[in-house]
Structures are given as C-alpha cells and as structure tokens.
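Residue 1 is where the sequence shown starts when you use the UniProt record's numbering, and the numbers rise one by one after that. Yeah, the Cβ is synthetic: ideal placement off N, Cα and C, and Gly gets one too. No experiment lies behind these values; they were computed from the predicted model shown. Have a look at the structure below before the remarks.
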Amino acid sequence: MAAKRRTPGAGSVFRDANGVWHFRKDLGKDPATGKRRMIQAKGRTKAEARERFDAKIAELERTGLMPGAKSPYLNDYVERWLEDYRLRVKPTTYRTRAGRLHACCQVIGHVRLADLTPEHVRSCMRVLGERLAPSTLKDHFVSLKMVLDDAELEELIPVDPCRKVRPPRVEPTPVFLFNRKLRF
C-alpha cells in the first residue's frame, strides 16, 4: 500500500535529529522586505506539532494576516489594527480611538469584513446616535473609516463601505456675544 501524500501547498513535515517534529509552510515573499515568510510549529509528537501548526494558521487567517477561505471578522481586524496604531500615536490618542472602535465593534463587530455593507455602517451610526452627541458620533465614524480604509489598502475588502455613507452631521453651536447691556 502506498503512503498517503499531503495535498499540494500543505507544507512540509519532518523529524529532526533530536526527535522533534516540525510542520512548515512557505507563505511566499513578504512584499515589504522581499524575504521568504515561513510558518513553523514544533512538537514532541507529530499530532502535537500538527495541532500547534493548525492553531497558528487559524489565528493568521482569523486576523487577516494570511489570506484564507474566509474574510476576518471586523472585531479581529480592529484588534490587529489597534496594535499597529498604538505604535504610531500617543497613549491618549490611542485610548480615545480604541474606545470609539470598541463601541462600533459592539454593534457590528460580528460581521466579516467582506460582508460589511454601507447599511451595516448606517445601522451602527443609528444605534450609537441614540446615546452620543453628534460630534462624538462623527468621531466614531471617522475612526471606523480609518480602519476600513486600511483594510481596503490591504485588499481585504474591495471598497470601503464608509465611502458610500454620509458622515453624521454636526450642527455648529451658536456663539453668544455679550454686549454692554447684557453684562452684569
């Protein structure tokens, strides 16, 4: 009976001199550096190594770092985006942006990026608009748009759904000037 072969693209499996099993898969070249990207998992047994390897692959597909059969959820992508964003901004800016994105994710975080539509964004703004001031609601919209713009640049979505939604309107507050008669 012939040995069962792995499917093409499944990676390589081998046992080293120390008896440790290795699962490896080549992800191709990194567009930024031009170097090969590899995913590797080790284990004392073949099954343990395979389990760790599958967990790594699932995590990379879930966050959108590795193209998979399914698009990542908005929640997962926002968490990954915030990790990168934290390195570029001051702590207070990060906390503000993270709070606004988490509020949006409570409403539409369960939707996959590829399935996100302008109607999802509108419903999110309607739900948040019930408890937020218009200027704060617009800040939530801008934060969500920043995330979805980056998802579009990474080619996780074809078009940012926020482009097809008008941002919440902010009415200017009237300014009262005191004249001599109104002074106390």
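Below 8 Å, enough C-beta pairs join the stretch 39-49 and the stretch 15-28 to call them touching: three or more.
Two segments are said to touch when three or more pairs of C-beta atoms, one from each, lie closer than 8 Å; by this definition the stretch 75-89 does not touch the stretch 118-137. As for any alpha helix (DSSP H) of minimum length 4 sitting wholly inside the stretch 110-135, the runs are 118-129, ordered along the chain. In the DSSP assignment, Ala41 is bridged to Phe23. Assignment of Lys90 by DSSP, reduced to helix, strand and coil, places it in the coil class.
By the C-beta density criterion, Val159 is exposed, having fewer than 16 other C-beta atoms within 10 angstroms. Annotation: the continuous beta strand (DSSP E) that includes Val13 extends over Ser12 to Arg15.
Residues of the same chain with a CB within less than 8 Å of the CB of Asp115, apart from the 5 flanking positions on each side, are Ser71 in chain order. Rounded to whole angstroms, Val147 and Val78 show a C-alpha spacing of 7 Å. Residue state for Gly28 is assigned as strand, using DSSP reduced to three classes. Leu137 places its beta carbon less than 8 Å from that of Leu128. Under a 10 Å Cβ-count criterion, His140 is classified as buried, with 16 or more other Cβ atoms of the shown protein chains found around its own Cβ. Remark: C-beta atoms of Leu113 and Ile157 approach each other more closely than 8 Å.
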